[in-house]
């Protein structure tokens, strides 16, 4: 578990460098046979200094003492590690609602306004908030599954559109999406954590597309903004459908 979390944390801190290491491991699986397929090697000096690709290939897979052999990112492992951070976010939400209720009650008492008039309920009786936070945490696996499936379809579509040759494409796409799940670490920050998480997940996907799949900046940018065009296209189609429907009445 310690090694798995180290892999999760390193992906969070160095998304571009880690994706590059994973890509080189897929491209050169037999360079050093002692490295197992489910492990990737992280060298602290390499991550910090940003060695050239040539020296990276030569250095990454040689078992020096100052290197750690860490589990490769998988969707299942990174989703499990991400789940507790969503729980932390839910606790922040409960705390914020409780604090808000306390402040409103305190202000009402100072102004001699009956709390019954304001219809304020304690957090224990606020079923809407409790059920929302509960379902958000409970349905996290389903949300991750849908998130990964949608992005997998988009990424694979552009891989074939750009005619990019990738060894072990399924594993490569999984590592890109698994890396984006490490953005859940931003949930430890209250208030702005969710906003940072969504921005970071796009940056991590971009890092995977660039360093892991070898796309250019323009190609990776087109993949990132593709969901926006899909949403706009869907809205346009739905809008045209209702216009035609009402016009036919």
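Residue numbers (my numbering): 328 to 576.
Note that beta-carbon positions come from the ideal geometry of N, C-alpha and C, so glycine has one too.
Just so you know, these numbers come straight off a predicted model, no measurement behind them.
Per DSSP, what kind of secondary structure is residue i in: helix, strand or coil?
i	result
residue 397	strand
residue 517	coil
residue 373	In this prediction, residue 373 has a pLDDT of 45, which is less than 50 and means its spatial position is unreliable; nothing more can be read from the coordinates.
residue 543	coil
residue 493	coil
residue 387	Because the pLDDT at residue 387 is just 43, under 50, the model does not fix this residue reliably, and the point stays unresolved.
residue 392	Only weak support is given to the placement of residue 392: the predicted model assigns it a pLDDT of 43, under 50, and the question is left unresolved by the model.
residue 341	coil
residue 414	helix
residue 556	helix
residue 593	Nothing can be reported for residue 593, as the shown portion of the chain is limited to 328 through 576.
residue 504	helix
residue 466	coil
residue 522	helix
Would residue i pass as an interface residue toward chain B - the criterion being a Cβ-Cβ separation below 7 Å?
i	result
residue 459	Of the protein chains in this structure there is only one, and it is not chain B.
Tell whether a beta-carbon distance below 7 Å holds between residue i and residue j.
i	j	result
residue 504	residue 475	yes
residue 553	residue 481	yes
residue 551	residue 529	yes
residue 339	residue 507	no
residue 415	residue 515	yes
residue 460	residue 417	yes
residue 500	residue 521	no
With distance defined between alpha-carbon atoms, name the residue in the options nearest to residue i.
i	options	result
residue 410	460, 401 and 464	464
residue 327	398, 351, 338 and 467	Any question about residue 327 goes unanswered here, given that the chain covers just 328 to 576.
residue 547	352, 425, 470 and 488	488
residue 342	534, 353, 400 and 568	534
residue 493	542, 417, 407 and 421	542
residue 352	422, 520, 478 and 540	540
residue 337	531, 549, 420 and 424	531
residue 335	354, 401 and 523	401
residue 518	473, 498 and 422	422
residue 345	536, 426, 524 and 468	536
residue 455	424, 484 and 544	424
residue 558	502, 354, 477 and 491	477
Is residue i near the ligand FAD, going by C-beta to nearest heavy atom under 6 Å?
i	result
residue 333	As far as ligands go, the structure on display features none, and thus does not contain the ligand FAD.
Throw me the rounded Cβ distance for the residue i and residue j pair, which I believe falls under 8 Å.
i	j	result
residue 350	residue 538	6 Å
residue 412	residue 512	6 Å
residue 332	residue 403	Not confirmed; about 14 Å, so no contact.
residue 486	residue 496	7 Å
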